[in-house]
Amino acid sequence: MERVVDGKRVFAATGGQPFRSELPTVVFVHGAGMDHTIWILQTRWFAHHGRNVVAVDLPGHGRSEGPPLASIGALADWVTRFLDAAKIDQAALIGHSMGGLVALETAARAPARVWALGLLGVADRMAVHPDLLKAARVGEEVAIRLVAAWGFGRRAHVGGAKAPGLWMLGGGVRLLERGQPGVLATDLAACDGYADALDAASRIRCPALLVIAEMDRMTPPGAACGIERAIEGARTVVIGDSGHMMMVERPDETLRALAEAI
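Mind the numbering: the sequence shown is residues 832 to 1093 in the numbering used here, read in order.
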């Protein structure tokens, strides 16, 4: 589906099913430098099991027009405007990494618009090393390589995909390489500059799920303890033997956690 937000064309995948406004809606929000394609399995399952699915490309990402937005707060307000453009009154928000921070902040700012929350690979503070920020800002290839290498667990570096012949780490590199110039740097800076996660979490009143990866080196287990404590009634599921990209490395386990909660 395509919509227009702030005069810019926005693309969102619907999981292989037509958009049906009469069904409960689940909106998926991707992480830094990525796009809707990271959610392929999860979106198709929800779309074929009684949910209206929207996996959006954030501004400047994937097939959506830019430029990218420079802060988590700006992205959260944009998500609300996207819901308006798509005529979605309420949605469950599922976000990964930067997208998880965006989902969290959106739910805090517009609680009436969010009926459930799924946060994958988030942290109380998602600081980014200054050297990585600098490398991304000047467009060095090493920035992409570092993000991919740290984002995937060790099994994904040497194989580990359920489908023979696929290389998860290589696919992650190619996905980041497809991004428009400056997008990864803008996203990383937005994550680094966001210090309001605990305040946002304290204002969440909808059911919330945190999905944590056991081998995550970007947002390690324990990094979201503050968010978990701040959200009343929040549930946590730990995905074993997976790095930060759990929806790709452990797609079935990640889907199971989300399906049981949303």
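Backbone N, C-alpha and C define an ideal beta-carbon position, used for all residues, glycine too.
Skipping 5 residues on each side, what residues in its chain have a beta carbon closer than 7 Å to that of residue i?
| i | result |
| --- | --- |
| A863 | S928, M929, L1015, D1018, L1019, C1022 |
| A1054 | A954, D955 |
| G931 | L950, L951, G952, V953 |
Between which two residues does the beta strand (DSSP E) carrying residue i extend?
| i | result |
| --- | --- |
| R1048 | Run containing R1048: none; DSSP gives neither H nor E here. |
| V836 | 833-836 |
| A954 | That residue, A954, is in no beta strand (DSSP E); it is neither H nor E in DSSP. |
| L889 | Unbroken run through L889: none, as it is neither H nor E. |
| L900 | Taken as a continuous stretch (DSSP letters only), L900 belongs to no beta strand (DSSP E), as it is neither H nor E. |
| G926 | 922-927 |
If you follow the alpha helix (DSSP H) that residue i is in, where does it begin and where does it stop?
| i | result |
| --- | --- |
| P946 | Rather than Pro, the amino acid found at residue 946 in this sequence is Trp. Careful: W946 lies outside any alpha helix (DSSP H), inside the beta strand (DSSP E) at 945-951. |
| I1058 | 1056-1061 |
| A916 | 903-916 |
| R1066 | Note, R1066: premise wrong, no alpha helix (DSSP H); beta strand (DSSP E) at 1066-1070. |
Look at the Cβ atom of residue i, then the Cβ atom of residue j, and state whether they are nearer than 7 Å.
| i | j | result |
| --- | --- | --- |
| I1058 | P1052 | no |
| M1047 | G1071 | Reading off the sequence shown, one finds Asp at residue 1047, where the question assumed Met. Cβ atoms of D1047 and G1071: not closer than 7 Å. |
| V792 | V884 | Nothing can be reported for residue 792, as the shown portion of the chain is limited to 832 through 1093. |
| L1089 | T1067 | no |
| L963 | A979 | no |
Ignore the nearest five residues each way along the sequence and tell me which others in residue i's own chain have a CB closer than 8 Å to its CB.
| i | result |
| --- | --- |
| V959 | L1019, A1020, C1022, D1023 |
| L1029 | D955, G1057, I1058, A1061 |
Apart from the five residues just before and just after residue i, which ones in its own chain have a Cβ nearer than 6 Å to its Cβ?
| i | result |
| --- | --- |
| D888 | F842, D866, H867, R894, S895 |
| L997 | none |
**Asked** Taking only runs of the beta strand (DSSP E) that begin and end inside the stretch 966-1046, which ones reach a length of at least 3 residues, in chain order?
**Response** List check, beta strand (DSSP E) in window: 1039-1044.
**Prompt:** Are three or more beta carbon pairs between the stretch 1033-1044 and the stretch 994-1007 nearer than 8 Å?
**Reply:** No, the stretch 1033-1044 does not touch the stretch 994-1007.
**Asked** In the stretch 843-874, which residue ranges form an unbroken beta strand (DSSP E) of at least 3 residues, counting only runs that do not cross its ends?
**Response** Whole beta strand (DSSP E) segments, 3+ residues: 856-860.
**Message:** Across the stretch 1075-1083 and the stretch 941-955, are there enough close Cβ pairs to call them in contact, namely three or more that are closer than 8 Å?
**Reply:** Note that the stretch 1075-1083 touches the stretch 941-955; at least 3 beta-carbon pairs, one per stretch, sit closer than 8 Å.
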